[in-house]
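Numbering (our numbering), first residue to last: 501 to 906.
Where is the CB? At the ideal position from N, CA and C, for every residue including glycine.
So the structure is just underneath, and the comments pick up after that.
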């Protein structure tokens, strides 16, 4: 079964999502004829320096199954976990959201046909008040040089005041250094990725003086300074075990002191780490966010069960050699559009067998559908997951030895 397939992908977040939030999409499938597919779902993709496609997240929409000609609409969400590296455009760390559909190739059965729809997604970091650092003063003395900073955390565009005193130096220079790079390594090569070039720290600002009567100098943090961060993501899938992908930016002040001739020729060098932050969120606000009730109007599992109790009725489950025959009725008061029924077997109440899926363009009110589930394994129950274009969703578990009613 092969027919023309049209896909539409709508990002309900409008291209931007924050770490810890859900990236929600609406996928629309138009099948002009009856069609068989192997799999369809959404994938969040990035490209490491080697340019290979790296899958960060995946969510299934349809498993292997057959569909009647028609339109099927599904809404899905991906939870953007807080260990995912946010978008960093100046290092080409970007993300693409892909809607994939794989189906049999009528010309070459060994080479599946793959249809994609994609668009860019920007992942942003959100400051956490619970992890915020309290600014602390920095004071040190070395080889006759005394340095004082009133704090160690600054914002982009802020001016750093560096107080100093010395009887032995003729010049003091302070450089604002940014050390940034990607982290990318696999189990085979570790951190020795030939595509990640080791970069020296960049000088983002510089101040120097020979005037020791003034006792302080000013150094401005650039307005576009990238905040301090250290992100590192590792996949949960076993086949990607050992892989890590991340990015970091560290800031520091390099103090260089040139001595008067009578005190020697060797300059003084000392590097002091500082933090650049775009802002802080109070701990109280974060706690409110964490324990909020969520989006108004969001349905719960019990809401779904209540709706579907009046929508579907499993009339019977008959068994034959290596197959089970389900008869399900639409008991609602309306026709249902874009219905899919995903069926899998349950062994000993623990293990699920391979699923199959049937798609129906229209399921008229009062109409009965017969679905055949084939398996050579002994099962004690069948699990049916029913969805439609109105996003109703329910999971029904039916013992195979007797009819079940819902």
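| Opening and closing residue of the beta strand (DSSP E) in which residue 579 lies | Here residue 579 corresponds to residue number 79 of the chain shown, with the count starting at 1. Looking at the DSSP string, the run of the beta strand (DSSP E) that includes residue 579 is 570-579.
| task | Output yes or no for whether 8 Å exceeds the beta carbon distance between residue 747 and residue 588. | result | For the purposes of this step, residue 747 is taken as residue 247 along the chain shown, with counting starting at 1. For the purposes of this step, residue 588 is taken as residue 88 along the chain shown, with counting starting at 1. Contact flag set, yes.
| query | Looking only at its own chain, which residues have a Cβ that is under 6 Å from the Cβ of residue 863, when we skip the five neighbours before and after it? | reply | Taking the chain shown and counting its residues from 1, the one referred to as residue 863 is at position 363. Excluding positions up to five away in sequence, the list reads 830, 836 and 839.
| Near residue 521, what residues of its chain come up, given a Cβ to Cβ distance below 7 Å and the 5 sequence neighbours on each side ignored? | Counting from 1 along the chain shown, the entry for residue 521 is found at position 21. Around residue 521: 580.
| query | CB-CB under 8 Å to residue 803, same chain, minus the five flanking residues each way: which ones, in chain order? | reply | The sequence position of residue 803 within the chain shown is 303, counting from 1. Model confidence at residue 803 stands at a pLDDT of 41, short of 50, so the residue's coordinates are unreliable; what they give is reported in the following sentence. Excluding sequence neighbours, residue 803 sits near nothing in its chain.
| message | If you measure between the beta carbons of residue 845 and residue 882, is that distance less than 8 Å? | response | Along the chain shown, read from residue 1 onward, the residue named residue 845 stands at position 345. Along the chain shown, read from residue 1 onward, the residue named residue 882 stands at position 382. Contact: yes.
| task | Compare the Cα-Cα distances from residue 732 to each of 584, 508 and 505 and report the closest residue. | result | Position 232 of the chain shown holds residue 732. It is 584 whose Cα lies nearest to the Cα of residue 732.
| field | Three-state class that DSSP yields for residue 626 in the structure shown | value | The residue you call residue 626 lines up with position 126 of the chain shown. In this structure, residue 626 counts as coil in the three-state DSSP scheme.
| task | Ignoring anything shorter than 3 residues or poking outside the region 586-617, list the beta strand (DSSP E) runs there in chain order. | result | 595-603
| Alpha carbon to alpha carbon, what distance is there between residue 721 and residue 660? | Start at 1 with the first residue of the chain shown, and residue 660 comes out as number 160. Start at 1 with the first residue of the chain shown, and residue 721 comes out as number 221. Roughly 7 Å separates the two Cα atoms.
| task | Measure from the alpha carbon of residue 847 to the alpha carbon of each residue in 868, 614 and 897, then state which is nearest. | result | Start at 1 with the first residue of the chain shown, and residue 847 comes out as number 347. Answer by Cα proximity: 897.
| said: Along the chain, where does the beta strand (DSSP E) containing residue 899 start, and where does it finish? | reply: One-based indexing of the chain shown puts residue 899 at position 399. First-last of the beta strand (DSSP E) with residue 899: 893-899.
| request: Report the rounded CA-to-CA distance for residue 523 versus residue 563, giving the unit in angstroms. | output: The count along the chain shown starts at 1 and reaches residue 523 at position 23. The count along the chain shown starts at 1 and reaches residue 563 at position 63. When rounded, the distance between both Cα atoms is 21 Å.
| field | Three-state secondary structure assigned by DSSP to residue 864 | value | Position 364 of the chain shown, counting from 1, holds the residue named residue 864. If DSSP states are grouped into helix, strand and coil, residue 864 belongs with coil.
| field | Coil, strand or helix - residue 761 by DSSP | value | Working through the chain shown from its first residue, we reach residue 761 at position 261. DSSP places residue 761 in helix when its eight states are reduced to three.
| request: Please work out which residues of its chain come closer than 6 Å, Cβ to Cβ, to residue 675, disregarding the five sequence neighbours upstream and downstream, and give them in chain order. | output: Walking along the chain shown from the start, residue 675 turns up at place 175. Hits under 6 Å: 703, 706 and 754.
| For residue 514, which of 597, 900 and 642 has the nearest alpha-carbon? | Taking the chain shown and counting its residues from 1, one reaches residue 514 at position 14. Taking only the C-alpha atoms, the option nearest residue 514 is 597.
| request: Check each candidate in 645, 528, 884 and 853 and name the one with the smallest Cα separation from residue 617. | output: Mapped onto the chain shown, residue 617 falls at position 117. Closest by alpha carbon: 528.
| message | Which residue wins for smallest C-alpha separation from residue 677, given the options 715, 773, 639 and 667? | response | In the chain shown, counting from the first residue as 1, residue 677 sits at position 177. Looking at the Cα atoms, 773 is the closest of the given residues.
| Should the region 750-770 be called in touch with the region 642-656, which here means at least 3 C-beta pairs below 8 Å? | yes
| Whole beta strand (DSSP E) elements within the region 679-747, 3-residue minimum | 702-709, 716-720 and 729-733
| task | Quick one: grab the DSSP three-state call for residue 849. | result | One-based indexing of the chain shown puts residue 849 at position 349. Residue 849 falls in the coil class under three-state DSSP.
| Range covered by the beta strand (DSSP E) that runs through residue 767 | Numbered from 1 along the chain shown, position 267 holds the residue referred to as residue 767. No beta strand (DSSP E) contains residue 767, which DSSP labels as neither H nor E.
| said: Could you tell me the alpha carbon to alpha carbon distance between residue 850 and residue 750, rounded to whole angstroms? | reply: As a first step, residue 850 must be located in the chain shown, where it is residue number 350. As a first step, residue 750 must be located in the chain shown, where it is residue number 250. So the alpha carbons of these two residues sit roughly 49 Å apart.
| request: Closer than 6 Å by C-beta to residue 708: which residues in its own chain qualify, once you throw out the five before and the five after it? Chain order, please. | output: Sequence index remark: in the chain shown, residue 708 carries index 208 (1-based). Only 673 meet the Cβ criterion.
| said: At the level of alpha carbons, what is the spacing between residue 512 and residue 576? | reply: Looking up residue 512 in the chain shown gives position 12. Looking up residue 576 in the chain shown gives position 76. Distance between the alpha carbons of residue 512 and residue 576: 10 Å.
| task | Put residue 512 into one of helix, strand or coil per three-state DSSP. | result | Sequence index remark: in the chain shown, residue 512 carries index 12 (1-based). The answer is coil: DSSP assigns residue 512 none of H, G, I, E or B.
| task | Name, in chain order, the residues that DSSP records as bridge partners for residue 749. | result | Position 249 of the chain shown, counted from the start, is the residue given in the question as residue 749. Paired residues: 680 and 729.
| task | Check the C-beta distance from residue 852 over to residue 827 and give it rounded, since I have them as a contact under 8 Å. | result | Counted from its first residue, the chain shown places residue 852 at position 352. Counted from its first residue, the chain shown places residue 827 at position 327. Between residue 827 and residue 852 the Cβ distance is about 22 Å, and since that is not below 8 Å, they are no contact.
| said: Do residue 769 and residue 669 count as a contact pair if the criterion is CB distance below 8 Å? | reply: As a first step, residue 669 is located in the chain shown; it is residue number 169 there, counting from the start. As a first step, residue 769 is located in the chain shown; it is residue number 269 there, counting from the start. Not in contact: residue 669 and residue 769 (Cβ atoms no closer than 8 Å).
| message | Taking 6 Å as the limit between beta carbons, can you name the residues of its chain near residue 907, skipping five residues before and five after? | response | With the chain running from 501 to 906 in the structure shown, residue 907 is simply not present.
| Taking just the CA atoms, how far does residue 509 sit from residue 865? | Numbered from its first residue, the chain shown carries residue 865 at position 365. Numbered from its first residue, the chain shown carries residue 509 at position 9. Their backbone Cα atoms lie some 30 Å apart in a straight line.
| task | Decide if residue 877 is buried, meaning its Cβ has at least 16 other Cβ atoms within 10 Å, or exposed. | result | Here residue 877 refers to the residue found at position 377 when the chain shown is read from its first residue. Classification for residue 877: exposed.
| beta strand (DSSP E) segment containing residue 553, residue limits | The count along the chain shown starts at 1 and reaches residue 553 at position 53. Element bounds for residue 553: n/a, residue is neither H nor E.
| said: Considering only heavy atoms of the ligand FMN, does any lie closer than 7 Å to the CB of residue 657? | reply: Here there are no bound small molecules, and the ligand FMN is not part of this structure.
| request: Assign residue 716 to one of two classes, buried (16 or more other C-beta atoms within 10 Å of its C-beta) or exposed (fewer than that). | output: Numbered from its first residue, the chain shown carries residue 716 at position 216. So residue 716 ends up on the exposed side.
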